[in-house]
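Chemist: Counting in the numbering used here, the sequence shown runs from 3 upward without gaps. One structure, pasted below without further comment.
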Amino acid sequence: MNALAARLGARAPKTAIILGSSLGALAEAVADPLIIPYAELPGFPLPKISGHAGKLFVGHLGGQEVAVLAGRAHPYESGNAAVMRPAIESLKDAGVETLILTNAAGSLKPTMRHGAIMLIADHINYSGMNPLVGQHGDENFVPMTDAYDPALRKRFHAAAEAEGITLHEGVYCWYSGPSFETPAEIRMFQMIGGSAVGMSTAPETILARRFGLKVAGLSVITNLAAGIEGASPSHEETKREGQKAASNMKALITRFLRDG
Ligand code: HPA
3 MNALAARLGA RAPKTAIILG SSLGALAEAV ADPLIIPYAE LPGFPLPKIS
53 GHAGKLFVGH LGGQEVAVLA GRAHPYESGN AAVMRPAIES LKDAGVETLI
103 LTNAAGSLKP TMRHGAIMLI ADHINYSGMN PLVGQHGDEN FVPMTDAYDP
153 ALRKRFHAAA EAEGITLHEG VYCWYSGPSF ETPAEIRMFQ MIGGSAVGMS
203 TAPETILARR FGLKVAGLSV ITNLAAGIEG ASPSHEETKR EGQKAASNMK
253 ALITRFLRDG
């Protein structure tokens, strides 16, 4: 039994949620929480940047048992694209079947502005990294068709409609960061079919699919991406706008779980 499974005792969450920048409000909504600092879970990352905690909340949300990861590590912190591998593998070993990934992202579409929520339909890995590099065995040739589970996406659209929340859907581009993109890079992302850009999530999706988890991804749009209408995004703006959109994200995910 892995360390996480041992700590869970009788709790058996089937769904885990990784919270993006400044979406911590969702962790606070977890009822009757067992709170485990990442430091007590071998392999869980100790986030180093502001806007990210480092705790696992296990409890109830929308009437279902969930494990909420408040804080993630990003590949740009270390150069290790597989930095979330131990955490995701532990969740799988502890019985989790579905992973909901959330993030803050810049919009590539002037019609999708700060405060909007985008359901990820697919991603483009522009980072030059892959979390499975160096792994051996046929199971690493992970199919990425429908990586963002169509049935889960349908449920998110239904949940959004029930909550009266506008839910965009689009393609998330993974940019390594930590510098923001140049306006020329943003024009390229627009041309190749991107809808939003961010510095996380895609490697976690690859890892989660490697371990057979179902994946859904949600982006909180915190800004227009660099150069669009003169935008010049900053980490401060990402944190501020992420916090503002957190209540809609909480309502959407809670409804998704309740109606599941
Ligand atoms: N670019 C990359 N990551 C981001 C952005 C952005 O504009 N906004 C929030 N996260």
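Glycine residues also receive a C-beta, built at the ideal position from the N, C-alpha and C atoms. Note that the structure is a prediction, hence the values are computed from the model and not measured.
Between Val-310 and the rest of its own chain, which residues show a CB-CB distance below 6 Å, the 5 nearest in sequence each way excluded?
Modeler: Because the chain spans 3 through 262 in this model, residue 310 falls outside it and cannot be assessed.
Chemist: Could you check what DSSP says for Thr-207 in three-state terms: helix, strand or coil?
Modeler: Mapped onto the sequence shown, residue 207 falls at position 205. Thr-207: helix per DSSP, three-state reduction.
Chemist: Please confirm whether Ala-227 and Val-199 have their CB atoms less than 8 Å apart.
Modeler: Counting from 1 along the sequence shown, the entry for residue 227 is found at position 225. Counting from 1 along the sequence shown, the entry for residue 199 is found at position 197. Result yes, Cβ atoms of Ala-227 and Val-199 sit closer than 8 Å.
Chemist: Using 8 Å as the cut-off, can you tell me whether the stretch 135-149 makes contact with the stretch 229-243, which would need three or more C-beta pairs spanning the two stretches below that distance?
Modeler: Not touching, per the Cβ criterion.
Chemist: Taking 6 Å as the limit between beta carbons, can you name the residues of its chain near Arg-257, skipping five residues before and five after?
Modeler: Locating residue 257 in the sequence shown gives position 255, where the first residue counts as 1. These residues qualify, in order along the chain: Ala-161, Ala-164, Glu-165.
Chemist: Is Val-199 close to the ligand HPA? I mean its beta-carbon at under 7 Å from any heavy atom of the ligand.
Modeler: Stepping through the sequence shown from its first residue, residue 199 is reached at position 197. Yes, since a heavy atom of the ligand HPA falls inside the 7 Å radius drawn around the Cβ of Val-199.
Chemist: By how many angstroms is the C-alpha of Pro-180 removed from the C-alpha of Met-251?
Modeler: Taking the first residue of the sequence shown as position 1, residue 251 is located at position 249. Taking the first residue of the sequence shown as position 1, residue 180 is located at position 178. Going by the C-alpha atoms only, they are around 24 Å apart.
Chemist: Is the beta carbon of Glu-206 within less than 7 Å of some heavy atom of the ligand HPA?
Modeler: To locate residue 206, count along the sequence shown from 1; it is residue 204. Checking the Cβ of Glu-206 against the ligand HPA gives no.
Chemist: Counting only the same chain and skipping the five closest in sequence on each side, list residues whose C-beta sits under 7 Å from that of Lys-246.
Modeler: As a first step, residue 246 is located in the sequence shown; it is residue number 244 there, counting from the start. These residues qualify, in order along the chain: Gly-117.
Chemist: Hey, how far is the Cα of Arg-157 from the Cα of Glu-141?
Modeler: In the sequence shown, residue 157 corresponds to position 155, counting from 1. In the sequence shown, residue 141 corresponds to position 139, counting from 1. Approximately 28 Å, taken between the alpha carbons.
Chemist: Taking the Cβ atom as the reference point for each residue, do Met-201 and Ser-178 lie within a distance shorter than 8 Å?
Modeler: The residue labelled residue 201 in the question sits at position 199 within the sequence shown. The residue labelled residue 178 in the question sits at position 176 within the sequence shown. The answer is yes: Cβ separation under 8 Å.
Chemist: Find out if the Cβ-Cβ distance for the pair Leu-264, Lys-94 is shorter than 8 Å.
Modeler: Only positions 3 to 262 of the chain appear in this structure, which leaves residue 264 out of reach.
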